[in-house]
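**Q** In this note's numbering, the protein residues as written are 275 to 476.
Backbone N, C-alpha and C define an ideal beta-carbon position, used for all residues, glycine too.
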Ligand code: MN3
């Protein structure tokens, strides 16, 4: 069973004005589809074809060296974007509540302090990569960034929120103004998804 790019759970223009329609179209239909296609090509005819993508990313050392970089980059690209579309939504934003808010307060001091750290982490990622909010093995929350399409599951952590800071995620609308893109991302975060991922990680 080949990996498939999931359909966007909302219209291409649904995240306007934070993320523009053309960026969403190119990002989903070209970039994500590209990662999925390349992942399928990289695992074709191997046992990894039938593995869950998370299991693959957790066991990259088992992938033959000849295809490991392709599997890491495109498997990560496929999984990261699958998460990313669900982590956003139209008319979202705001802040978390309940147990997730308690965990944010415990780890960072307050929601505003979390935002400060997440923003700083995403802004200062040099080159291409992502900033992540993760649940660590000890169940505590942490924020860090990873380069390229690396995903926290390869570090043994569970990602519950991520922002793509590759230029393809914002350049058409924001050009070099990455900080502005990151600031507007908070208006489209789907905290219901983040809360569901958090509770699944407990
Ligand atoms: Mn991307």
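#1: Using the rule of at least 16 other Cβ atoms within 10 Å of the residue's Cβ for burial, across every protein chain shown, is residue 476 buried or exposed?
#2: According to DSSP, residue 418 sits in a beta bridge with which residue or residues?
#3: Report back the beta-carbon spacing between residue 409 and residue 435 to the nearest angstrom; my notes put them in contact at under 8 Å.
#4: Relative to the C-alpha of residue 364, which residue among 384, 428, 437 and 285 is closest?
#5: Spatial neighbours of residue 382 within its chain, please: CB distance less than 7 Å, with the 5 preceding and 5 following residues excluded, ordered by chain position.
#6: Taking 8 Å as the cut-off, is the CB of residue 459 close to at least one heavy atom of the ligand MN3?
#7: Determine the DSSP secondary structure at residue 431, reduced to helix, strand or coil.
#8: Residue 437 by DSSP, collapsed to three states: which one?
#9: Any chance the CB of residue 422 is under 8 Å from a heavy atom of the ligand MN3?
#10: Look up residue 456 in the DSSP assignment and say whether it is helix, strand or coil.
#11: Is residue 357 buried or exposed, if buried means 16 or more other CB atoms sit within 10 Å of its CB?
**A** Working from what's here:
#1: Taking the chain shown and counting its residues from 1, the one referred to as residue 476 is at position 202. Its Cβ having fewer than 16 others within 10 Å, residue 476 is exposed.
#2: Position 144 of the chain shown holds residue 418. 406, per the DSSP bridge assignment.
#3: Taking the chain shown and counting its residues from 1, one reaches residue 409 at position 135. Taking the chain shown and counting its residues from 1, one reaches residue 435 at position 161. With 8 Å as the limit, residue 409 and residue 435 do not qualify as a contact, their Cβ atoms being about 10 Å apart.
#4: Here residue 364 refers to the residue found at position 90 of the chain shown. It is 285.
#5: The residue you call residue 382 lines up with position 108 of the chain shown. The answer, listed in chain order, is 388 and 391.
#6: Taking the first residue of the chain shown as position 1, residue 459 is located at position 185. In this structure, residue 459 has its beta carbon at no less than 8 Å from each heavy atom of the ligand MN3.
#7: Translated into the one-based positions of the chain shown, residue 431 becomes position 157. Three-state DSSP puts residue 431 in coil, outside helix and strand.
#8: Residue numbering aside, residue 437 sits at position 163 when the chain shown is read from its first letter. Three-state result, residue 437: strand.
#9: What you label residue 422 is simply residue 148 of the chain shown in a count that begins at 1. Answer for residue 422: no, Cβ out of range of the ligand MN3.
#10: Looking up residue 456 in the chain shown gives position 182. Looking at residue 456 - three-state DSSP - the assignment turns out to be helix.
#11: One-based indexing of the chain shown puts residue 357 at position 83. Buried, since its Cβ has 16 or more Cβ neighbours within 10 Å.
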